[in-house]
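In this text, residue positions in the sequence shown follow the working numbering: the first is 5, and each later residue adds one. Built from N, CA and C at the ideal position, the CB exists for glycine as well. Note that the structure is a prediction, hence the values are computed from the model and not measured.
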Amino acid sequence: MKRIENYDLSKQNTFGMKVKAALYIEYDSLEELMSLDVKALPQPVFHIGAGSNLLFTKDFPGTVLHSNIKFIKYVDMGLDEVLLTVGSGVVFDDFIANVAGNGLWGPENLSLIPGEVGASAVQNIGAYGVEAKDIISGVVCLDTRDWTKTVFKVGECEYGYRDSRFKHERGRYIITSVLFRVTRKYSPKLEYGGVKAALEGRDLTALTPMDVREAIIGIRRAKLPDPAEIGSAGSFFKNPVVSREHFERVAPEAPHYDLPDGTVKIPAAWMIDQLGFRGQKLGGAQVYEKQPLVIVNASGNATPEDVIGLENQIIAKVQEKYDITLHPEVDHI
Ligand code: EPU
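If you want it as structure tokens, here you go:
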């Protein structure tokens, strides 16, 4: 177990905010986590993954916990379905590379999403028509109310768009491993705009999970900043969903996606772009040129105030022009 006081968190958040935690603890197993006397730790206690979906708004006065539980174990190799259990500290993309490398279908469309397995089950990460909930079978966690191990089936996790019970009851559950269900059955998911195009010229009846993984990686690399090079937390805002009447009143010309319940999803990136924010800077923060849904730490020295200032400008302008309230996708801590 690693235990460091006055810990520099700049490498623990992909935005690269230079903030500190009073105490940082990294544990290697569920047993180590259970051995902690949390009440005796500096408060509050906050659990992070790779820090790829959060914005530290200031120094953290309490304890930051991080899982270093790293295992990938295949537990049931059925004829069709394959079950595997994966430690919460495994890099999500390493899990995908492992599964796709074994010729199994399921998570390949989520390739290259930054972050770790535990956080994927909290945030229900999603991309290119697939969400984490589609491949999760169960979630093993520690209930911090009574310090007992608890297991939730996927149906009990209250999953929605970037949402789950682990967000509703924030801080209550610490995820230690996730049970995933993947399949041998040929099942590429190519319907989401741009995926088929990226596989042009290929025989779409004879792809491997690795082929799809590579296509997705190509799409993401072209649009999204590489966290190793430029700080960001991916999409900064959620895509808003409005009534059809609202859509027709404020933005009938917008690209949009009709949802089954008759509502309409409008890409936040489109509105942000229309309002002239693409490439706009505030201090060290900038709206990313190639994808205006992303705010980046362009100078490497952006402060939380720079990022929040830009965020507030965008929210205010979108509200004024489209009568829509954008909500951040990134957690503010
Ligand atoms: N859409 C569809 N079908 C399509 C294309 C788009 O339903 O064929 C919907 C999407 O669900 C999305 C909206 O239209 O809500 C805009 O889609 P676009 O592909 O332009 O992506 P985006 O809004 O820039 C979203 C995710 C990304 C994810 C991409 C690809 C959010 C906030 N962001 O971005 O996730 O990689 O779609 O699926 O939903 C992230 O969460 O950090 C992130 C990068």
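Rounded to a whole number of angstroms, what is the C-alpha to C-alpha distance between residue i and residue j?
{"i": "residue 335", "j": "residue 215", "result": "33 Å"}
{"i": "residue 205", "j": "residue 98", "result": "28 Å"}
{"i": "residue 43", "j": "residue 151", "result": "11 Å"}
{"i": "residue 66", "j": "residue 27", "result": "6 Å"}
{"i": "residue 104", "j": "residue 112", "result": "7 Å"}
{"i": "residue 93", "j": "residue 74", "result": "5 Å"}
{"i": "residue 219", "j": "residue 96", "result": "17 Å"}
{"i": "residue 160", "j": "residue 128", "result": "13 Å"}
{"i": "residue 130", "j": "residue 102", "result": "19 Å"}
{"i": "residue 171", "j": "residue 62", "result": "21 Å"}
{"i": "residue 318", "j": "residue 197", "result": "26 Å"}
Taking 6 Å as the cut-off, is the beta-carbon of residue i closer than that to any non-hydrogen atom of ligand 1?
{"i": "residue 269", "result": "yes"}
{"i": "residue 375", "result": "Nothing in the structure corresponds to residue 375, since the chain is present only between 5 and 337."}
{"i": "residue 196", "result": "yes"}
{"i": "residue 297", "result": "yes"}
{"i": "residue 273", "result": "yes"}
{"i": "residue 239", "result": "yes"}
{"i": "residue 333", "result": "yes"}
{"i": "residue 44", "result": "no"}
{"i": "residue 131", "result": "yes"}
{"i": "residue 261", "result": "yes"}
Which residues mark the beginning and the end of the alpha helix (DSSP H) in which residue i is found?
{"i": "residue 313", "result": "308-326"}
{"i": "residue 102", "result": "96-105"}
Mind checking which residues open and close the beta strand (DSSP E) that includes residue i?
{"i": "residue 254", "result": "No beta strand (DSSP E) holds residue 254; the alpha helix (DSSP H) holding it covers 248-254."}
{"i": "residue 183", "result": "177-187"}
{"i": "residue 112", "result": "Careful: residue 112 lies outside any beta strand (DSSP E) and carries neither H nor E."}
- Query: When the Cβ atoms of the segment 162-171 are set against those of the segment 129-137, are three or more pairs found closer than 8 Å?
  - Reply: yes
- Contact between the segment 307-323 and the segment 249-261: three or more CB pairs below 8 Å? no
- Message: Three Cβ pairs or more, each shorter than 8 Å: is that satisfied between the segment 209-225 and the segment 294-302?
- Response: no
- Query: Taking contact to mean at least 3 C-beta pairs separated by less than 8 Å, is the segment 109-127 in contact with the segment 49-66?
  - Reply: yes
- At least 3 beta-carbon pairs within less than 8 Å: the segment 103-111 vs the segment 222-237: no
- Task: Would you check if the segment 81-88 and the segment 171-185 touch, i.e. whether three or more CB-CB distances between them fall below 8 Å?
- Result: yes
- State whether the segment 321-330 contacts the segment 266-282, with contact taken as three or more CB pairs (one from each stretch) at a distance under 8 Å. yes
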